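**Student:** Below: one structure in structure tokens.
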Amino acid sequence: MTNSMRLLLASCGTLALASAATADTVRIGITQNNVGIDSYQTTYERAFIEAAEANPNVDVIVLDAGGDVARQISQMQDLIQQNVDAIIIWPTDGQALVPAVRNAHREGIPVIVTNSNIAEAGMEFIAAFSGPNNIQQGIYSAEMMCEALDGEGQIVQITGMPGYTTAIERQQGFDDRLAELCPGVTQLDIQPGDWNRERAQRTMETFLTRFDQIDGVYSGDDNMGVGALNAAIAAGRAEGMVFIGATNFAVGYDAMARGEYWGSVYQSPVDDARAALQTALDVLAGEDVPKLNYFDTPKITQENMHEFDRPVF
Amino acid sequence: MAYFYQNPLLRWLMRNPIWGFVLIIFIFFSLSADHFFSERNLMNIVVQTSTIGLIALGMTLVMINGNIDLSVGATLALAAAFAVDVQSWAAFSTWGNWQILPAVCLALLVGILMGAINGFIVWKTGVDAFIVTLGAMLGIRGLVFVYTGEQSFYAMNFAYSDFSFMTIGPFPVLAVIFGIAVLAVHWLLSRTVHGRNTYAVGGNREAAVNAGIRVGPHMMINFMLIGFLAALSGVLLSTQMGAATPNLGRDYELWVITAVVLGGTKLTGGKGDIIGTLGGVLAIGILRNGMNLMQVPAFYVYVILGSILIAVLFLDKRFNRTADGGLRL
Amino acid sequence: MLLARLKAGGPAIAKQGILVAFIVFMITFSLMSDRFLSADNIMSVFRQSAIIGVMALGVTIVVIGGNLDLSVGSMLSFATVLVVDLHDKIGPELAIPVMVLATLCLGAINGFLIGILRLNSLIVTLGMLSAIQGLVLIYSGGQNVDIVDQTGTWFAIFGRGAMFGIATPIIIFLGLALVFHVIMTTMPFGRRVHAVGGNPTASIFSGIPRSRVVFMTYLISALCVAIAAIILGSRVMGSQNNVGLGYELQVLAAVILGGTSLLGGSGSILRTVLGVLMLAFIQNGLILMGQPYYTQWLVTWVVIIVAVWLDVAAKRGRLFSPIA
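Protein chains in written order, with the numbering used here: chain P, 1 to 313; chain X, 1 to 329; chain H, 1 to 324.
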């Protein structure tokens with residue numbers, strides 16, 4: 001009890017200092033999806049705060065929805081309540097945040113969507129989107145898979161948390177592109193790994209007992225991809241199996257360096273965070289900002305990996 | 001000391017320590033968080049609280065009965081999915097804005113049905129409600145995924161999401177609905193035969209049976225009530241989102257139980273009231289809102305909420321010595 | 001009909017409701033998928049269930065003592081993140097004991113609040129669930145932790161190794177189950193836990209130190225979580241902060257399926273093992289049959305209620321509850 005009180009008081013002190021800043025600073029509120037669920041989001045948050053601190057004219061309010069749609073809606077209300085100059089949102093769900101975004105828009109607060117886009121119906125209410133193109137990432141992964149298998153083979157897919165936009169978009173991009181580009185590659189099954197390495201490992205173990213021949217594995221991110229790789233190595237079947245992921249994690253990068261992992265999509269949370277803040281500042285400065293601002297997320301494979309730094313997460 | 005025991009307000013606070021706590025955090029945040037004490041923010045808190053709050057009203061009834069319901073989060077998601085999806089059924093395509101009506105009715109019925117299933121199983125099998133509803137928590141979530149096919153549904157009709165922004169006089173409509181529900185359940189529990197029976201069944205089941213109360217159907221009605229309230233909460237939440245997502249309401253059962261216990265309702269049954277539960281949900285709502293406004297880092301929020309829960313439980317035990325005996329589920 | 005049979009020779013079978021259900025499922029699945037009963041698959045299911053299984057052993061003892069433990073999920077996240085993070089910093093020889101001690105401290109907090117202060121176990125462990133999750137995030141700063149040299153460390157034996165051709169996690173799980181079974185059935189401590197859970201008031205009059213016994217059950221639960229974390233960390237060689245999210249409910253479902261009564265006082269370690277395996281085989285069997293993963297939740301719903309119902313029915317000698 002005393003501890004939590006002290007914490008409250010401490011943060012209260014910080015707030016007092018922050019609000020003492022000069023009057024012509026802009027206040028930007030951000031509500032994130034689920035910090036702490038994986039390193040990407042945590043690194044994003046850190047990079048965002050650093051970028052904001054580096055700019056003396058920016059004052060940020062950083063909130064986290066903990067993956068809960070309802071809590072994110074409350075946080076949107078709380079931010080509107082505080083009359084911030086702009087809101088950056090990393091939607092927990094593309095559809096469900098549309099009314100909350102529309103509400104902010106009505107109150108005259110520009111909304112910038114980051115990382116994972118809002119549904120079509122909400123596009124008219126946002127000032128801009130800044131982030132990776134997740135459908136495009138799925139397409140890249142399908143192209144790499146096709147190339148690695150020479151257009152022939154049987155693969156399995158491990159997706160992210162069911163019901164979450166990023167997971168759905170990557171799967172969609174991958175499925176569509178694969179069917180179009182490589183009709184010779186069949187998908188044996190698709191099961192979720194919940195963005196969780198241990199769960200992906202378990203899912204892969206079941207795939208391995210179920211199918212005698214697996215030529216490739218596509219995972220919704222490298223964290224799960226490495227789990228699948230672990231399972232295949234333990235079963236002695238990793239040799240010749242193609243592992244393709246997305247969102248290159250340090251563990252995926254290292255596995256690629258060892259030659260165990262074929263390729264992934266390079267996506268830096270630092271770029272992501274900086275792009276979001278910059279887009280918000282551009283919007284506030286009255287510049288003509290395009291609606292969709294995709295930052296570059298190139299393919300990374302064993303061949304070209306030396307051109308990239310090892311991911312920090 | 002004598003004064004301390006005679007002052008009615010203080011004596012009331014001694015019996016309802018949660019309202020003392022609500023008062024303290026209310027004053028604390030008013031003084032230390034810039035935008036906390038304003039009419040709009042207070043209305044925000046009530047709206048934000050209504051989601052958990054509606055379910056907590058039902059949970060109070062079920063827990064006074066000596067039961068528990070862990071499936072409410074899943075029921076909420078199922079009802080929200082129905083409320084949003086049914087609107088777009090071809091059968092109602094010519095109804096205009098009235099297409100919302102059958103959707104909401106069906107969603108509420110689904111909630112009542114889920115509650116009835118739980119209640120019926122508890123009644124007929126005699127299996128502990130904790131186990132029955134733990135199973136239902138998984139199973140109903142499974143139904144949600146089967147029904148939605150893992151996708152989010154969204155309402156084409158903006159009239160649906162506009163509803164949540166409507167106001168009646170100065171009050172948001174969601175707050176008004178919550179207020180009416182609080183009064184209705186309070187009336188049910190304190191002024192009706194059903195309410196008296198609720199305490200009787202939870203306090204001493206044998207005696208209740210001897211007094212001629214049909215315990216099984218009585219418990220089933222309370223499960224249907226909580227199913228209805230969870231569904232209502234799901235419908236109202238989906239109006240705020242204009243959509244329904246399959247993962248909606250995860251962990252809500254834990255927050256609801258937390259709020260109800262903070263409000264002084266005993267897990268053993270037979271004791272508790274709506275005034276306490278209202279204090280419990282407001283305490284959680286104010287803490288969350290206040291910590292957001294003060295930007296307490298998310299990681300610390302978990303620790304603070306967890307510690308406060310245990311601390312209040314400890315204080316409650318100090319004040320209500322008679323409640324010794326601990327958990328007998 | 002069924003009622004009459006239950007009253008006659010039935011109770012013996014109905015009491016083993018979980019065993020009957022288990023056999024029925026095994027037969028069904030093996031008919032539906034020819035891979036289900038393969039040695040590979042059975043080994044793989046046993047290995048996968050070891051983590052939940054080890055945790056379920058500890059929780060069984062807590063529940064027999066008349067309490068609940070919902071904090072095991074985030075405690076698992078805590079222990080796994082700690083042991084993996086310390087592995088590269090101070091080496092596995094030190095990381096393991098430090099992690100075990102820290103986890104035992106969390107168990108001791110549970111034990112103190114519930115055993116000594118006599119606070120309600122459901123609410124205390126619910127609060128701890130949240131508090132420990134925060135603690136993990138504060139400790140790691142929200143970053144994933146990884147072991148860099150995955151092939152060179154002897155830490156790998158716990159999750160990836162094998163002895164006599166059997167995977168280590170399986171040996172640890174079944175070995176621990178045997179140890180706890182012996183403790184709970186033959187030793188004074190086991191009798192005390194049963195007594196405290198069955199009738200706390202009577203146990204006080206017969207001179208059993210209730211507070212100390214309850215305290216011990218939470219230490220055992222924490223110890224089991226620590227062991228599960230070693231298996232998990234070694235198996236994955238890394239950890240996320242929420243790795244144990246939701247495990248508390250899977251563990252509790254397994255314990256309940258094993259027929260341990262939430263009222264306390266009765267339950268069996270070996271039947272918990274059966275409960276754990278049953279859940280794991282259901283999950284595995286449905287996926288082998290090509291069903292979407294969420295069908296397992298629907299099946300689990302039915303199985304839990306039917307299994308516990310049969311159990312309860314056998315004890316009272318009639319199928320339907322006497323409640324009017």
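A virtual CB, placed ideally from N, CA and C, is assigned to each residue, including glycine.
These numbers come from a predicted model, not from an experiment.
Taking 8 Å as the threshold (C-beta atoms), are leucine 134 of chain X and glycine 127 of chain H in contact?
**Tutor:** Residue numbering aside, residue 127 of chain H sits at position 127 when the third sequence is read from its first letter. Residue numbering aside, residue 134 of chain X sits at position 134 when the second sequence is read from its first letter. No, Cβ-Cβ distance for glycine 127 of chain H and leucine 134 of chain X is not below 8 Å.
**Student:** Starting from the C-beta of isoleucine 314 of chain P, find all residues in its chain whose C-beta is less than 8 Å away, skip the five residues before and the five after it, and write them out in chain order.
**Tutor:** No statement about residue 314 of chain P is possible, as the shown extent of chain P runs from 1 to 313 and does not include it.
**Student:** Return no unless some Cβ of chain X is closer than 8 Å to the Cβ of alanine 121 of chain P.
**Tutor:** On the first sequence, position 121 is the one that residue 121 of chain P refers to. Answer yes: the Cβ-Cβ gap between alanine 121 of chain P and chain X drops below 8 Å somewhere.
**Student:** Relative to the C-alpha of glycine 142 of chain X, which candidate in H:Gly275, H:Val45, H:Val302, H:Gly267 has its C-alpha closest?
**Tutor:** Residue mapping note: residue 142 of chain X aligns to position 142 of the second sequence, counting from 1. Just measuring C-alpha positions, the residue of H:Gly275, H:Val45, H:Val302, H:Gly267 sitting nearest glycine 142 of chain X is H:Val302.
**Student:** With DSSP collapsed to three states, give me the class of phenylalanine 243 of chain P.
**Tutor:** As a first step, residue 243 of chain P must be located in the first sequence, where it is residue number 243. The answer is strand: DSSP assigns phenylalanine 243 of chain P an E or B state.
**Student:** Please report the distance separating the alpha-carbon of aspartate 95 of chain X from that of aspartate 85 of chain P.
**Tutor:** To locate residue 95 of chain X, count along the second sequence from 1; it is residue 95. To locate residue 85 of chain P, count along the first sequence from 1; it is residue 85. According to the sequence provided, residue 95 of chain X is tryptophan. The question's aspartate does not apply to it. If I take the Cα positions, the gap works out to 40 Å.
**Student:** With three or more C-beta pairs closer than 8 Å as the rule, is the stretch 31-51 of chain P touching the stretch 142-152 of chain H?
**Tutor:** yes
**Student:** Indicate whether at least one CB of chain X lies closer than 8 Å to the CB of alanine 70 of chain P.
**Tutor:** Here residue 70 of chain P corresponds to residue number 70 of the first sequence, with the count starting at 1. Cβ-Cβ to chain X under 8 Å: yes for alanine 70 of chain P.
**Student:** Exposed or buried, what is histidine 306 of chain P when buried is set at 16 or more other beta-carbons lying within 10 Å of its beta-carbon?
**Tutor:** Taking the first sequence and counting its residues from 1, the one referred to as residue 306 of chain P is at position 306. The residue in question, histidine 306 of chain P, is exposed, as its Cβ has fewer than 16 Cβ neighbours within 10 Å.
**Student:** Using the DSSP secondary-structure output, state which residues sit across from tyrosine 294 of chain P in a beta bridge.
**Tutor:** Stepping through the first sequence from its first residue, residue 294 of chain P is reached at position 294. Note: tyrosine 294 of chain P sits in a beta bridge opposite P:Gly131.
**Student:** Could you tell me the distance, in whole angstroms, from the CA atom of glutamate 253 of chain X to the CA atom of glutamine 87 of chain X?
**Tutor:** Within the second sequence, the letter at position 253 stands for residue 253 of chain X. Within the second sequence, the letter at position 87 stands for residue 87 of chain X. Their Cα atoms are separated by approximately 27 Å.
**Student:** Just the chain P side, please: which residues come within less than 7 Å of tyrosine 293 of chain H by C-beta, in chain order?
**Tutor:** One-based indexing of the third sequence puts residue 293 of chain H at position 293. Those within 7 Å of tyrosine 293 of chain H in chain P are Gln191, Pro192.
**Student:** For tyrosine 404 of chain X versus serine 130 of chain H, is the C-beta distance shorter than 8 Å?
**Tutor:** Any question about residue 404 of chain X goes unanswered here, given that chain X covers just 1 to 329.
**Student:** Interface residues of chain P around glutamine 250 of chain H at Cβ under 9 Å?
**Tutor:** On the third sequence, residue 250 of chain H is found 250 positions in, with the first residue counted as 1. Residues of chain P passing the Cβ test: none, with the nearest at roughly 12 Å.
**Student:** Does the Cβ-Cβ distance between alanine 280 of chain H and methionine 55 of chain H come in under 8 Å?
**Tutor:** As a working mapping, residue 280 of chain H is identified with position 280 in the third sequence. As a working mapping, residue 55 of chain H is identified with position 55 in the third sequence. Taking 8 Å as the Cβ cut-off, alanine 280 of chain H and methionine 55 of chain H do not qualify as a contacting pair.
**Student:** Give the secondary structure of tyrosine 266 of chain P by DSSP, where H, G and I count as helix, E and B as strand, and everything else as coil.
**Tutor:** Here residue 266 of chain P refers to the residue found at position 266 when the first sequence is read from its first residue. It is coil, neither helix nor strand.
**Student:** Kindly confirm or deny that the stretch 313-320 of chain H and the stretch 288-297 of chain H touch, where touching means at least three C-beta pairs closer than 8 Å.
**Tutor:** no
**Student:** Who are the near neighbours of leucine 292 of chain P in its chain, counting only those whose CB is closer than 7 Å to its CB and skipping five residues on each side?
**Tutor:** Here residue 292 of chain P is taken as the residue at index 292 of the first sequence, counted from 1. Result list for leucine 292 of chain P: Phe129, in chain order.
**Student:** For the stretch 117-165 of chain H, which segments carrying the alpha helix (DSSP H) assignment without a break, of at least 4 residues, lie completely within its bounds, in sequence order?
**Tutor:** Uninterrupted alpha helix (DSSP H) stretches at least 4 residues long and entirely within the stretch 117-165 of chain H occur at 121-140, 157-160, given in chain order.
**Student:** Label leucine 9 of chain X either buried or exposed according to how many other C-beta atoms from any shown protein chain fall within 10 Å of its C-beta, with 16 as the threshold for buried.
**Tutor:** Working through the second sequence from its first residue, we reach residue 9 of chain X at position 9. Burial call: exposed.
**Student:** With DSSP collapsed to three states, give me the class of alanine 167 of chain H.
**Tutor:** Within the third sequence, the letter at position 167 stands for residue 167 of chain H. Three-state result, alanine 167 of chain H: strand.
**Student:** Using CA atoms only, rank isn't needed, just tell me which of H:Cys224, H:Ser44, H:Leu37 is closest to threonine 206 of chain P.
**Tutor:** Within the first sequence, residue 206 of chain P is the residue found at index 206, counting from 1. Among H:Cys224, H:Ser44, H:Leu37, the Cα nearest to that of threonine 206 of chain P is on H:Ser44.
**Student:** Tell me whether the stretch 208-216 of chain H and the stretch 92-111 of chain H touch, counting them as touching only if at least three CB pairs, one residue from each stretch, are closer than 8 Å.
**Tutor:** yes
**Student:** Distance check for glutamate 206 of chain X and glycine 272 of chain X, CA to CA, integer angstroms please.
**Tutor:** Reading the second sequence from its first residue, position 272 is the one you call residue 272 of chain X. Reading the second sequence from its first residue, position 206 is the one you call residue 206 of chain X. Within the model, the alpha-carbon separation for glycine 272 of chain X versus glutamate 206 of chain X is close to 20 Å.
**Student:** Just the chain B side, please: which residues come within less than 8 Å of phenylalanine 145 of chain X by C-beta, in chain order?
**Tutor:** The question asks about chain B, but that chain is absent: this structure's protein chains are P, X and H.
**Student:** Please report the distance separating the alpha-carbon of leucine 223 of chain H from that of leucine 262 of chain X.
**Tutor:** Locating residue 223 of chain H in the third sequence gives position 223, where the first residue counts as 1. Locating residue 262 of chain X in the second sequence gives position 262, where the first residue counts as 1. Straight-line Cα distance between these residues: approximately 30 Å.
**Student:** Can you look up threonine 22 of chain P in the DSSP assignment and give me helix, strand or coil?
**Tutor:** Residue 22 of chain P sits at position 22 when you count from the first residue of the first sequence. At threonine 22 of chain P the pLDDT is 43, less than 50, meaning the model places this residue with poor confidence; the figure from the coordinates comes in the next sentence. Coil.
**Student:** Does the beta carbon of serine 307 of chain X sit closer than 8 Å to a beta carbon anywhere in chain H?
**Tutor:** Here residue 307 of chain X refers to the residue found at position 307 when the second sequence is read from its first residue. Yes, its Cβ sits closer than 8 Å to a Cβ of chain H.
**Student:** Does any C-beta atom of chain H lie closer than 8 Å to the C-beta of leucine 138 of chain X?
**Tutor:** As a working note, residue 138 of chain X is residue 138 in the second sequence. Yes, leucine 138 of chain X lies at the interface with chain H (some Cβ there is under 8 Å from its Cβ).
**Student:** At the 8 Å Cβ level, is lysine 271 of chain X part of the contact set with chain H, yes or no?
**Tutor:** Here the question's residue 271 of chain X lines up with position 271 in the second sequence. Chain H contact via Cβ: absent.
**Student:** With a threshold of 16 other CB atoms inside 10 Å of the CB of valine 312 of chain X, please say whether the residue is buried or exposed.
**Tutor:** Sequence index remark: in the second sequence, residue 312 of chain X carries index 312 (1-based). That one is buried.
**Student:** Can you check which of these residues, P:Met256, P:Met145, P:Val312, is closest to glutamate 303 of chain P by C-alpha distance?
**Tutor:** As a first step, residue 303 of chain P must be located in the first sequence, where it is residue number 303. Closest by alpha carbon: P:Met256.
**Student:** Sort out for me which residues DSSP pairs lysine 299 of chain P with in a bridge.
**Tutor:** By 1-based counting over the first sequence, the position of residue 299 of chain P is 299. Lysine 299 of chain P pairs with P:Val265.
**Student:** Would you verify that the beta carbon of phenylalanine 174 of chain P is, or is not, closer than 8 Å to some beta carbon of chain H?
**Tutor:** Counted from its first residue, the first sequence places residue 174 of chain P at position 174. It does not: the Cβ of phenylalanine 174 of chain P has no partner Cβ on chain H nearer than 8 Å.
**Student:** At a Cβ cut of 7 Å, what residues of the stretch 221-246 of chain X count as close to chain P, listed as they run along the chain?
**Tutor:** Of all residues in the stretch 221-246 of chain X, Leu237, Gln240, Met241, Gly242, Ala243, Thr245, Pro246 have a Cβ within less than 7 Å of some Cβ in chain P.
**Student:** So for leucine 63 of chain P, helix, strand or coil by DSSP?
**Tutor:** Translated into the one-based positions of the first sequence, residue 63 of chain P becomes position 63. If DSSP states are grouped into helix, strand and coil, leucine 63 of chain P belongs with the strands.
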